[in-house]
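Undergrad: Have a look at the structure that comes next, please.
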Amino acid sequence: MCEPAIKKPRISDFKSSLGTEAGLVNSWNEWDRLEEIIVGTASLAVIPPKEPAFEMKVKNEGKLSLLGQTGYRTKMSIDKANKQLAHFVELLEGEGVVVRRPDEMDFNTPVQTPDFAVPRMNTSACPRDLLLTLGNEVIEATMSWRSRFFEYRPYRTVLKDYMRRDPCMLWTCAPKPLMTDKLYRSNYPQDYGEENARLVREHTYLTSEEEPVFDAADIMRFGKDIFLPHGVHHQRVRLRVAPPQVRRQGHACAPAALPR
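Residue numbers (the numbering used here): 22 to 281.
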């Protein structure tokens with residue numbers, strides 16, 4: 022006779038029983054024991070529109086056909102991605118990790134600000150690009166794609182829940198970029214030839230120094246030491262803006278020049 026499976030107790034079950042969860046948000050590196058995580062979803066994901074930063078990415082990855090496509094990603098690709106994410110969630114929960122998911126959001130929606138307009142958005146499959154945790158502080162990043170301008174919205178329910186439960190949590194939003202045409206170098210070579218290679222060696226990228234943009238996923242955390250790479254998603258101006266913001270928490274911030 023088979024014994025019934027014993028469900029592993031989740032760390033958050035113990036924390037909830039205490040009535041307060043001070044210290045719930047507390048992450049300093051990529052290797053300590055994982056207790057709770059946000060895993061994205063591919064539901065209602067769309068193909069981002071043609072815009073400077075996305076165009077540069079797909080040319081780099083050899084996916085030029087995407088530039089001519091519109092609307093939602095195929096049902097097959099969304100189902101396949103969600104199946105992989107579901108398996109990942111099952112694996113994490115089997116190890117006692119608490120998994121949170123973003124709200125569903127229809128990304129096949131136009132975005133218009135006083136400075137730009139795009140016919141649709143992107144996806145909520147990549148929370149690591151948006152949310153940076155430094156100790157007890159969660160920082161909403163400002164990615165370089167216009168189609169990702171409102172990508173923070175599906176995560177607000179989770180973040181507000183953390184804020185209510187953890188009285189020590191700090192929640193910071195990086196300065197929202199205007200993303201005017203001045204942010205992108207219109208004459209930047211996108212053929213990945215010799216001129217492009219020369220500019221990369223000189224640390225000159227598609228994004229200009231007009232205003233700071235960055236992907237949270239590119240930042241490397243080593244306890245109180247964090248490293249910010251300089252590249253298309255991180256410019257020198259970001260390296261100047263970031264240190265005062267992170268030093269108030271006792272972090273040391275340094276640039277990292279990575280090879281091509």
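For glycine and all other residues, C-beta sits at the position ideal for the given N, C-alpha and C.
None of these values were measured; they are calculated from a predicted model.
(1) Thinking C-alpha only, which one of W49, P210, T62 and N47 is nearest F128?
(2) State the start and end residues of the unbroken beta strand (DSSP E) segment that holds E158.
(3) Of the choices E57, R169, P148 and E161, whose alpha-carbon is the least far from that of G115?
(4) Given a cut-off of 7 Å on the beta-carbon distance, is the pair T201 and E158 in contact?
(5) Since A237 and L152 should fall inside the 8 Å C-beta cutoff, what is the C-beta to C-beta distance between them, to a whole number of angstroms?
(6) So does T154 have its beta carbon nearer than 6 Å to some heavy atom of the ligand GTP?
(7) Can you list the beta strand (DSSP E) stretches of 3 or more residues lying completely in the segment 198-244, in chain order?
(8) If we count Cβ pairs, one from each stretch, closer than 8 Å, do we get three or more for the segment 62-74 versus the segment 155-175?
(9) Measuring straight from C-alpha to C-alpha, what distance separates L204 and P210?
(10) Under a Cβ-count criterion, where at least 16 other Cβ atoms within 10 Å of its own Cβ denotes burial, should W52 be classed as buried or exposed?
(11) Applying the 10 Å Cβ sphere with the 16-neighbour rule, what's the burial state of H224?
(12) Just checking, does the segment 180-189 make contact with the segment 84-104 on the three C-beta pairs under 8 Å criterion?
(13) Determine the burial state of E125: buried for a count of at least 16 other Cβ atoms within 10 Å of its Cβ, exposed for fewer.
TA: If we stick to the structure as given:
(1) T62
(2) E158 to E161
(3) E57
(4) no
(5) 6 Å
(6) Absence of the ligand GTP is noted for the structure shown, with no ligands found whatsoever.
(7) 241-243
(8) yes
(9) 15 Å
(10) exposed
(11) exposed
(12) no
(13) exposed
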